[in-house]
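Position one of the sequence shown corresponds to residue 3 (my numbering), numbered consecutively onward. Using N, Cα and C, we set each Cβ at its ideal position, and we do this for glycine too. Input: a single structure, listed below in structure tokens.
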Amino acid sequence: MYPWLLFAHSVCRWLVVASLLYAIFVALRGYTGRRSFSPSNDLVRHATATIAHVQLTIGFVLYFNSPFILYFRSHFREAIQQPGYLFFGVIHILLMTLSVVLITITSSVTKRTTTDQRKFLLMLIGFTIAFIIIFIAIPWPFSPLSHRPYLRTI
Ligand code: HEM
């Protein structure tokens with residue numbers, strides 16, 4: 003099960019990044035062009051939050067199945083001093099959970115807001131901050147924090 007979870011988590015990262023970038027583009031275009039907030043814009047908001055929730059769920063299941071995290075938890079005192087374990091055991095999980103909470107709040111407040119301009123502005127600000135946090139917390143091959151492949155194979 004572990005290799006499949008890691009594979010799904012690696013693939014879903016691209017869906018999270020692509021959906022956020024598209025939602026930010028839609029929000030920016032809507033806000034600057036003073037457009038009306040259409041049902042398809044609302045679908046973009048909803049889909050972006052749903053994809054983030056799927057990745058969060060896979061992440062939590064992975065957390066309790068990963069031998070890497072198992073080692074981190076059972077050798078906490080030594081492992082916390084090693085950058086790789088510190089990253090996946092603490093930093094990655096905290097930052098990603100925080101960003102998905104931000105995406106959820108943004109999506110829910112946007113849904114309840116009545117004016118179209120405010121909807122676009124809320125999406126623009128909330129999703130951009132979440133995107134920046136997620137980008138920093140992804141273990142890209144070029145990341146100074148920790149690196150993993152662009153796409154995991156099974
Ligand atoms: C938007 C949210 C997230 C994104 C984009 C993301 C992305 C990634 C990526 C790209 C990897 C490297 C996969 C590989 O080794 O090929 C990874 C690893 C990992 N992620 Fe996430 N993640 C997110 C949220 C979470 C959450 C919420 C948790 C746990 C609560 C989590 C737990 C883990 C763990 C434990 C690993 C390392 C697993 C291992 O090497 O055994 N992730 N994540």
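In the same chain as residue 32, and ignoring 5 residues on each side of it, the C-beta atoms closer than 7 Å to its own belong to 39, 43 and 122, in chain order. The nearest non-hydrogen atom of ligand 1 is less than 6 Å from the C-beta of residue 141. Secondary structure at residue 67: coil, using DSSP grouped into helix, strand and coil.
Taking the C-beta atoms as reference points, residue 133 is found nearer than 7 Å to residue 22.
Residue 152 carries a coil assignment under DSSP once its states are collapsed to helix, strand and coil. Relative to residue 65, the option among 99, 84, 36 and 16 whose CA is nearest is 99. Taking C-beta atoms as the reference points, residue 10 and residue 71 fail to come closer than 7 Å. Secondary structure at residue 79: helix, using DSSP grouped into helix, strand and coil.
In the DSSP assignment, residue 103 falls within the unbroken alpha helix (DSSP H) covering 94-114.
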